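In the working numbering, the protein residues as written are 1 to 552.
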Amino acid sequence: MVKEKRVMVVFLAIILIFVFSGCSKSQGNKTVPSQQKQEQKITVEGKYEPAINLVSVKAVDATVKFLENEDIHNNVWTRTYKDELGINLSYMWVVDNSQYQQKLSATVMSGQMPDAFVCDLQMFKLLYDSDMIEDITGVFEQYASPATKTVLEKDNLALLCATIEGKLMGIPITDASVASAPMLWIRRDWMRALNIDPPETMQDVLEISRRFVNEDPDRNGEADTIGLAVSKELWSAYGGLHGFFNGFHAYPHIWYERDGKLVYGTVQPEMKQALAELQGMYARGEIDKEFAVKDINKVSESIANSKCGMEFSVWWNPYSPLYLSQANYPDAYWQAYPIPSVDDKPAKSQYSAAVNSVIVIRKGYEYPEAVIKMLNFWCDNVLANPNEEIQNTLLGSLDNPDVVFYKYTDFHLWDPTTMLEAYHNVRRALAERNPAGLNIDEYKRYQIISAYFEQGIKEAWVEVATYGDKGSVSILESISRDRGMPNAFYGAPTKVMQEKMTALNAMADETITKIIMGEPLDSFDEFVNKWKAMGGDEITEEVNEWYKLNKR
Numbered sequence: 001m002v003k004e005k006r007v008m009v010v011f012l013a014i015i016l017i018f019v020f021s022g023c024s025k026s027q028g029n030k031t032v033p034s035q036q037k038q039e040q041k042i043t044v045e046g047k048y049e050p051a052i053n054l055v056s057v058k059a060v061d062a063t064v065k066f067l068e069n070e071d072i073h074n075n076v077w078t079r080t081y082k083d084e085l086g087i088n089l090s091y092m093w094v095v096d097n098s099q100y101q102q103k104l105s106a107t108v109m110s111g112q113m114p115d116a117f118v119c120d121l122q123m124f125k126l127l128y129d130s131d132m133i134e135d136i137t138g139v140f141e142q143y144a145s146p147a148t149k150t151v152l153e154k155d156n157l158a159l160l161c162a163t164i165e166g167k168l169m170g171i172p173i174t175d176a177s178v179a180s181a182p183m184l185w186i187r188r189d190w191m192r193a194l195n196i197d198p199p200e201t202m203q204d205v206l207e208i209s210r211r212f213v214n215e216d217p218d219r220n221g222e223a224d225t226i227g228l229a230v231s232k233e234l235w236s237a238y239g240g241l242h243g244f245f246n247g248f249h250a251y252p253h254i255w256y257e258r259d260g261k262l263v264y265g266t267v268q269p270e271m272k273q274a275l276a277e278l279q280g281m282y283a284r285g286e287i288d289k290e291f292a293v294k295d296i297n298k299v300s301e302s303i304a305n306s307k308c309g310m311e312f313s314v315w316w317n318p319y320s321p322l323y324l325s326q327a328n329y330p331d332a333y334w335q336a337y338p339i340p341s342v343d344d345k346p347a348k349s350q351y352s353a354a355v356n357s358v359i360v361i362r363k364g365y366e367y368p369e370a371v372i373k374m375l376n377f378w379c380d381n382v383l384a385n386p387n388e389e390i391q392n393t394l395l396g397s398l399d400n401p402d403v404v405f406y407k408y409t410d411f412h413l414w415d416p417t418t419m420l421e422a423y424h425n426v427r428r429a430l431a432e433r434n435p436a437g438l439n440i441d442e443y444k445r446y447q448i449i450s451a452y453f454e455q456g457i458k459e460a461w462v463e464v465a466t467y468g469d470k471g472s473v474s475i476l477e478s479i480s481r482d483r484g485m486p487n488a489f490y491g492a493p494t495k496v497m498q499e500k501m502t503a504l505n506a507m508a509d510e511t512i513t514k515i516i517m518g519e520p521l522d523s524f525d526e527f528v529n530k531w532k533a534m535g536g537d538e539i540t541e542e543v544n545e546w547y548k549l550n551k552r
């Protein structure tokens, strides 16, 4: 009866949250959550004997590839968990990343909860309010290894993001906060073909876009290129528009301080100038006429087929999907640039707290410490004590650059300081031509970048474009210093946020899409008024109450 009440509560809440996005049809489950408890000797270290079962769910995308005769259910990580920890990891279902939240909501509504899984912060708060996830405060303190605790404590906001009413209710998935900050990526070879200088202003960006469409930058004699890649999701990691708006000092979907209070960037007046320019680009054919129905996989195809010349996206895009461009067109080279400004005020790249999602454990799961053990294995072996065998076995191999093993599991963490430290170490080694003191990961980057410059190996551009002297990580460093606009709200969703924010954001995205495609610009003002009346003002009040207590 208690379980049924919990399911009914969460069912009603999810209906409110997801009614505007719809739910996908349920597919047959391959497994169900673990129900039988066996006699186990639970220790901080070592493996379960006999092995236990842990059922999860998984999101994948087009970049997840496997070795021959392997799949998501049979790979190096499923074998490692079984052999090293005595944990049989299986999946209730596996879907494309774009369908994950809808599928997860349907699963939770069904009452068939996986044992442990990743959810966003909104779902996290919903599950907590419905008493459906474990309080792991004691489990974490008892079982987390020093390496795991160190990773999670390096960003002092990480554990706070997963703590509600003083209780640790999940494990925050960490990254460097600035890792989500957008930057501008441009086909440098196209700029050189047209004798174009790097952009210094947003006006330059608009001019480059026009020339990429009108002057045949790929020299194939056809009018088949677009200026700017845009996906229907609008805010995706590639093909997103955050960075474009940032160039006009607009910051969609984050909260930032103005006149001593937090405001929501999506409804601020700075949005209109950027929308006007996007509308013009669409009308001139500089944005795909079908962008509103094309997801990030279609954006990847456009990049792979050398059809677009610019995108605003994150630092790691050379690894996915930009490498596809060079793989098909060896002379292709994407270069990262800081986001230019529309005026004499420097543009700032927006980013949120390092935690956007949380690993949660189903309430009643018999072995909550199993998740901590899986994270310990990662942190102890991959992060704290890496060696070449571990790197090649668990992360990926240079022999199979398209096959990235760590994407097979969600039970891993990233050290938020590693990226910038690695950039400085590799940069020093390259300048001194001396790799002494580099760790294995850094040494590989050093070797690859050296091969690009010394041997002309074009495929090595991926590392040059990220960890090279003027690579994307160097831009992240400037963003972390004084060129970033952090999301000032990092707490769990507020009460009205849970009830109304999904619908409000859906309304915002629909309005933005329609304006880009030609709807009158004044419809933005109508949207803002609706946003305020339909709950936006209430949410703003709640956020500012939170801000009074948590301002840093």
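Using N, Cα and C, we set each Cβ at its ideal position, and we do this for glycine too.
Computed from a predicted structure; not experimentally measured.
Please report the straight-line C-alpha distance between residue i and residue j, rounded to a whole angstrom.
i      : j      : result
Ala292 : Cys161 : 33 Å
Ile42  : Ile164 : Model confidence at Ile42 stands at a pLDDT of 49, short of 50, so the residue's coordinates are unreliable; what they give is reported in the following sentence. Cα to Cα, Ile42 sits roughly 27 Å from Ile164.
Ser472 : Thr174 : 20 Å
Asp218 : Arg192 : 11 Å
Asp441 : Val426 : 10 Å
Val263 : Glu84  : 49 Å
Ala176 : Thr417 : 6 Å
Glu233 : Ala431 : 41 Å
Gly227 : Ser306 : 11 Å
Trp414 : Ser523 : 42 Å
Asn317 : Pro50  : 42 Å
Lys82  : Glu141 : 24 Å
Trp546 : Lys495 : 12 Å
Ala503 : Met534 : 9 Å
Asn387 : Ala436 : 16 Å
Lys37  : Glu510 : Unreliable placement is indicated for Lys37, whose pLDDT of 47 sits below 50; no coordinate value is reported for it.
Glu538 : Lys530 : 13 Å
Gly468 : Glu421 : 13 Å
Leu322 : Trp334 : 7 Å
Lys458 : Tyr329 : 10 Å
Thr466 : Ser302 : 21 Å
Ala451 : Asn434 : 14 Å
Ser474 : Ile361 : 37 Å
Gln203 : Ser341 : 8 Å
If you follow the beta strand (DSSP E) that residue i is part of, which residue opens it and which one closes it?
i      : result
Lys551 : Unbroken run through Lys551: none, as it is neither H nor E.
Trp235 : Trp235 -> no beta strand (DSSP E), and no H or E assigned at all.
Ala336 : Trp334 to Tyr337
Glu165 : That residue, Glu165, is in no beta strand (DSSP E); it is neither H nor E in DSSP.
Are the C-beta atoms of residue i and some chain D residue less than 8 Å apart?
i      : result
Tyr547 : The structure shown contains no chain D; it is built from a single protein chain.
Can you tell me which of the options puts its alpha carbon nearest to the alpha carbon of residue i?
i      : options                           : result
Glu134 : Lys149, Leu121, Ser145 and Ala116 : Ala116
Leu578 : Lys373, Asp204 and Arg211         : This structure cannot settle anything about residue 578, because the visible part of the chain is limited to 1 through 552.
Glu499 : Ser306, Gly260 and Met123         : Met123
Leu383 : Pro146, Gly86 and Pro368          : Pro146
Gly393 : Met132, Arg79, Tyr238 and Asp410  : For the sequence presented, residue 393 should be read as Thr rather than Gly. Out of Met132, Arg79, Tyr238 and Asp410, Arg79 has the C-alpha closest to the C-alpha of Thr393.
Lys604 : Phe453, Met169 and Ala370         : Not covered by the structure: residue 604. The range shown for the chain is 1 to 552.
Pro368 : Gly285, Gly138 and Gln350         : Gly138
Thr150 : Glu519, Asp380 and Glu541         : Asp380
Lys167 : Ser180, Leu184, Asp131 and Pro198 : Asp131
Lys551 : Leu476, Lys261, Asp295 and Ile186 : Lys261
Gly111 : Ser98, Asp120, Asn97 and Met92    : Met92
Phe245 : Ser209, Glu215, Glu200 and Met183 : Met183
Pro199 : Met310, Trp315, Thr148 and Met281 : Met310
Asp295 : Asn400, Gly239, Asn376 and Ala460 : Gly239
The alpha helix (DSSP H) with residue i in it runs from where to where?
i      : result
Leu243 : Sequence check: residue 243 is Gly here, not Leu. His242 to Asn246 is the extent of the alpha helix (DSSP H) around Gly243.
Glu499 : Lys495 to Ile516
Glu70  : Element bounds for Glu70: n/a, residue is neither H nor E.
Trp77  : Val76 to Thr80
Val464 : Trp461 to Tyr467
Gln455 : Ile440 to Gln455
Lys154 : Pro146 to Lys154
Trp316 : No alpha helix (DSSP H) contains Trp316, which DSSP labels as neither H nor E.
Looking only at its chain, what residues have a beta carbon closer than 6 Å to the beta carbon of residue i, apart from the 5 residues adjacent to it on each side?
i      : result
Glu463 : Arg445, Ile448 and Ile449
Ile359 : Val118, Gly170 and Ile171
Asp129 : none
Only counting the same chain, and skipping five residues up and downstream in sequence, which positions put a Cβ closer than 7 Å to that of residue i?
i      : result
Arg483 : Pro338, Pro346, Lys348 and Ser349
Met374 : Tyr81, Leu85, Ile87 and Phe411
Gly491 : Trp546 and Asn550
Gly28  : In this predicted model, Gly28 has a pLDDT of only 36, less than 50, meaning its place in the structure is not dependable enough to derive any value.
Ser300 : Ala62, Pro321 and Leu324
Closer than 8 Å by C-beta to residue i: which residues in its own chain qualify, once you throw out the five before and the five after it? Chain order, please.
i      : result
Ala617 : Residue 617 is absent from the structure shown; the chain starts at 1 and stops at 552.
Leu159 : Leu152, Glu153, Leu168 and Pro172
* Asked: Which runs of the alpha helix (DSSP H) fall wholly inside the segment 85 to 135 and span at least 4 residues, in chain order?
  -> Complete alpha helix (DSSP H) runs here, min 4: 100 to 110 and 121 to 129.
* Asked: What are the start and end residues of each continuous alpha helix (DSSP H) run of 4 or more residues lying completely inside the segment 269 to 310, in chain order?
  -> Scanning the segment 269 to 310 for uninterrupted alpha helix (DSSP H) segments of 4 residues or longer gives 271 to 283 and 296 to 304, listed from N- to C-terminal end.
* Complete beta strand (DSSP E) runs within the segment 352 to 438 (minimum length 3 residues, chain order) -> Within the segment 352 to 438, complete beta strand (DSSP E) segments of at least 3 residues are found at 357 to 361, given in chain order.
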